[in-house]
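236 is the number of the first residue of the sequence shown in this note's numbering; add one for each residue after it.
Where is the CB? At the ideal position from N, CA and C, for every residue including glycine.
For clarity, every value in this text was computed on a predicted model and none was experimentally measured.
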Amino acid sequence: MSDKVAEFRALHVPGDPLILVNIWDAGSAKAVAAAGAKAIATGSWGVASAQGSSDGENFPLEEALANLARILTVTDLPVTIDMEAGYGDDAAAVGASVAQARAAGAAGINMEDRLPGQKELLPIADAAPRYRAAADTGLFVNARCDLFLGGDAAKDGDALVAATLERARAYADAGASGLFVPFLADAGCIGAICDGSPLPVNILRGKGGPTHKELAALGVARISHGHQPWAAAMAWLKGQASQVLGGGEPDY
């Protein structure tokens with residue numbers, strides 16, 4: 236397992252980012268691996284939705300880990316699992332949950348700095364011990380920082396970047412391996428965060444935002460696609476079903 240963690244860690248290179256087309260089950264993992272992926276990453280939204288559940292740790296940890304186990308049967312690539320806020324009310328519980336992911340075969344996790352259903356971020360003093368507990372398992376911990384969620388980069392970019400870098404330093408000190416800053420499309424802010432972060436930076440690719448090449452040029456080390464592959468696949472399926480049930484022929 237330590238080899239997979241090291242392999243996964245080495246893929247995070249600023250300027251030559253790891254691209255993760257997030258998947259939701261063993262079948263989608265197999266498809267993405269066959270396309271040439273270097274690693275596999277689940278997205279909590281897609282995983283939960285594929286089983287008729289919803290995001291926000293409503294999908295039980297036991298089922299998320301069982302899904303991980305099935306994914307690991309179809310690929311030898313490093314697999315990182317989205318663990319939302321860590322599935323724990325306190326740092327000790329987070330550590331126990333993340334240890335289960337390691338035992339199941341994960342190479343890394345994503346973990347948020349706000350609790351399920353909450354809009355406010357945890358104070359740094361509360362978030363850092365949770366990241367420490369997760370990191371102590373030995374996995375690559377991608378610390379998600381949601382400061383730009385609902386924020387205005389055009390108006391408050393400098394302040395949001397400064398606050399993000401403050402958290403990046405604290406999370407690095409707590410043992411996190413990467414910094415995930417989703418919902419950010421402003422190139423100036425992305426570049427400033429990459430320049431100032433002690434951790435390799437992960438950005439969520441969004442339609443209309445910087446391209447993969449542009450993100451690489453800004454110093455991004457990892458690009459995620461989040462729930463978008465799931466949403467696109469389901470939109471395609473719905474469209475094809477409507478076409479067929481409406482009396483037409485499918486495109487497939």
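message = On the DSSP letters alone, give me the boundaries of the alpha helix (DSSP H) that residue 399 sits inside.
response = Translated into the one-based positions of the sequence shown, residue 399 becomes position 164. That run of the alpha helix (DSSP H) goes 388-408.
Beta-carbon proximity of residue 329 to residue 305, cut-off 7 angstroms = Start at 1 with the first residue of the sequence shown, and residue 329 comes out as number 94. Start at 1 with the first residue of the sequence shown, and residue 305 comes out as number 70. Not closer than 7 angstroms, so no.
query = From the DSSP output, which residues share a beta bridge with residue 346?
reply = Position 111 of the sequence shown holds residue 346. DSSP output for residue 346 lists 378 as bridge partner(s).
inquiry  = Do residue 331 and residue 348 have their beta-carbon atoms positioned less than 7 angstroms apart in this structure?
reply    = For this step, residue 348 is matched to residue 113 along the sequence shown. For this step, residue 331 is matched to residue 96 along the sequence shown. Taking 7 angstroms as the Cβ cut-off, residue 348 and residue 331 do not qualify as a contacting pair.
ask   = Name the DSSP bridge partner or partners of residue 413?
value = As a first step, residue 413 is located in the sequence shown; it is residue number 178 there, counting from the start. Answer is 377, bridged to residue 413.
inquiry  = Taking 7 angstroms as the limit between beta carbons, can you name the residues of its chain near residue 341, skipping five residues before and five after?
reply    = One-based indexing of the sequence shown puts residue 341 at position 106. Hits under 7 angstroms: 303, 314, 315, 316 and 374.
task = Could you have a look at residue 477 and say whether DSSP puts it in helix, strand or coil?
result = Translated into the one-based positions of the sequence shown, residue 477 becomes position 242. Three-state DSSP puts residue 477 in a helix.
query = So what's residue 361 in DSSP terms, helix, strand or just coil?
reply = Taking the first residue of the sequence shown as 1, we reach residue 361 at position 126. In the structure shown, residue 361 sits in a helix (DSSP, three-state: H, G or I).
inquiry  = Three Cβ pairs or more, each shorter than 8 angstroms: is that satisfied between the stretch 440-455 and the stretch 271-289?
reply    = no
task = For residue 292, verify whether its CB is less than 6 angstroms away from any heavy atom of the ligand NAD.
result = Looking at this structure, you won't find the ligand NAD or any other ligand, since it has none at all.
query = Are residue 433 and residue 247 touching if we call contact CB-CB under 7 angstroms?
reply = Your numbering for residue 433 matches position 198 in the sequence shown. Your numbering for residue 247 matches position 12 in the sequence shown. Not a contact, by the Cβ cut-off of 7 angstroms.
Cβ-Cβ separation, residue 384 to residue 417 (assumed contact under 8 angstroms), whole Å = As a position in the sequence shown, residue 417 is number 182, starting the count at 1. As a position in the sequence shown, residue 384 is number 149, starting the count at 1. Contact holds; Cβ gap of about 7 angstroms.
ask   = What's the C-alpha gap between residue 243 and residue 308?
value = Within the sequence shown, residue 243 is the residue found at index 8, counting from 1. Within the sequence shown, residue 308 is the residue found at index 73, counting from 1. About 18 angstroms.
ask   = For the stretch 392-411 against the stretch 446-453, are there 3 or more C-beta pairs whose distance is under 8 angstroms?
value = no
query = Since residue 316 sits in a beta bridge, which residues does DSSP pair it with?
reply = In the sequence shown, the residue the question calls residue 316 occupies position 81. Residue 316 is bridged to 344.
ask   = From residue 396 to residue 381, what distance separates their C-alpha atoms?
value = To locate residue 396, count along the sequence shown from 1; it is residue 161. To locate residue 381, count along the sequence shown from 1; it is residue 146. Approximately 11 angstroms, taken between the alpha carbons.
key: Reference residue 464, options 249, 398, 372 and 256, closest by Cα   = As a working note, residue 464 is residue 229 in the sequence shown. The shortest C-alpha separation from residue 464 is found at 256.
request  = Pick out whichever of 476, 404 and 250 has its Cα sitting closest to the Cα of residue 379.
outcome  = Here residue 379 refers to the residue found at position 144 when the sequence shown is read from its first residue. When only C-alpha atoms are compared, the closest one is 404.
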